[in-house]
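If you want this note's numbering, it's the position in the sequence shown, counting the first as 1, plus 4.
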Amino acid sequence: MKQIRGLVESVFEYTLFNFRFIVIIAVMGSLVSSVIMFIKGTLLIADGGYLFLEQLNHVGQAPELHHIDRIVPLLINSVDNYLFATVLLIFSMGLYELFISKIDPASRTEDSRPNWLNIQTLDDLKGNIGKVILMILIVTFLEKSLSTNYATPLDLLYLCIGIILVAGALWVTYLREEQKEH
């Protein structure tokens with residue numbers, strides 16, 4: 005009876021341990037999504053470049069032919085796409101390293117690896133993703149602040165408060181990093 009129990013336990017643990025490979029689905033999905041977002045960001049930059057070149061053809065002509073009001077949001081949106089693609093890339097690499105295997109451990113030392121790739125725990129992964137998400141929020145804030153009409157002084161006050169909150173969030177993130185290093 006003890007042998008059967010030991011065999012069942014051994015088979016169960018082996019199966020449970022190897023079930024971690026299901027994470028490959030999330031890793032691959034995140035990588036594909038990351039590539040899509042990088043392509044989308046690049047296409048937005050191409051659109052902005054096209055509008056800019058088109059604008060050069062209309063220098064000195066009627067202002068309604070100028071596209072600067074459309075170029076800046078396209079470029080900001082492309083940065084947003086790149087940042088989100090980076091989140092997906094960090095997420096997929098972090099999941100792979102946490103559940104499957106270290107990425108190329110033989111040829112890399114801890115010193116040669118980028119800091120964002122030194123992921124030892126799920127909290128490290130969440131922290132790295134959190135920093136990039138904060139940057140996405142900052143870019144989104146910039147995008148919204150450029151497209152908002154400021155009709156009253158109170159609107160400008162809200163913008164200033166928003167900028168102070170963003171700066172505060174960056175400062176707190178910096179302080180957390182300083183505490184981790186010491």
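All residues carry an ideal CB built from backbone N, CA and C; glycine is no exception.
For residue 21, the enclosing alpha helix (DSSP H) begins and ends at 6-22.
Three or more beta-carbon pairs separated by less than 8 Å are not found between the segment 145-155 and the segment 88-102, which leaves the two stretches without contact.
Out of 48, 86 and 96, the CA that lies nearest to the CA of residue 75 is found in 48.
The Cβ atoms of residue 142 and residue 25 do not sit closer than 8 Å to each other.
Residue 155 sits in coil when the DSSP states are folded into three classes, being neither helix nor strand. By the Cβ neighbour-count rule, residue 22 is exposed, with fewer than 16 other Cβ atoms within 10 Å of its own. When DSSP states are grouped into helix, strand and coil, residue 59 belongs to the helix group.
Distance check between residue 38 and each of 165, 108 and 94 places 94 closest, using alpha-carbon atoms only. Of the residues 145, 100 and 175, the one whose Cα lies closest to the Cα of residue 162 is 145. The beta carbon of residue 154 sits closer than 8 Å to those of 160 and 163, all from its chain and outside the five residues before and after it, given in chain order. Linking residue 34 to residue 139 through their CA atoms gives a straight-line distance of about 19 Å. Between residue 85 and residue 41, the beta carbon gap of about 5 Å places them in contact (Cβ cut-off 8 Å). Going by beta carbons, residue 79 and residue 52 fall inside the 8 Å limit. Secondary structure at residue 125: coil, using DSSP grouped into helix, strand and coil. With distances taken between CA atoms, residue 177 lies nearest to 131 out of 156, 166, 168 and 131.
Within a 10 Å sphere around the beta-carbon of residue 36 sit fewer than 16 other beta-carbons, which makes this residue exposed. By the neighbour-count criterion, in which 16 or more other beta carbons inside 10 Å mark a residue as buried, residue 172 falls on the exposed side.
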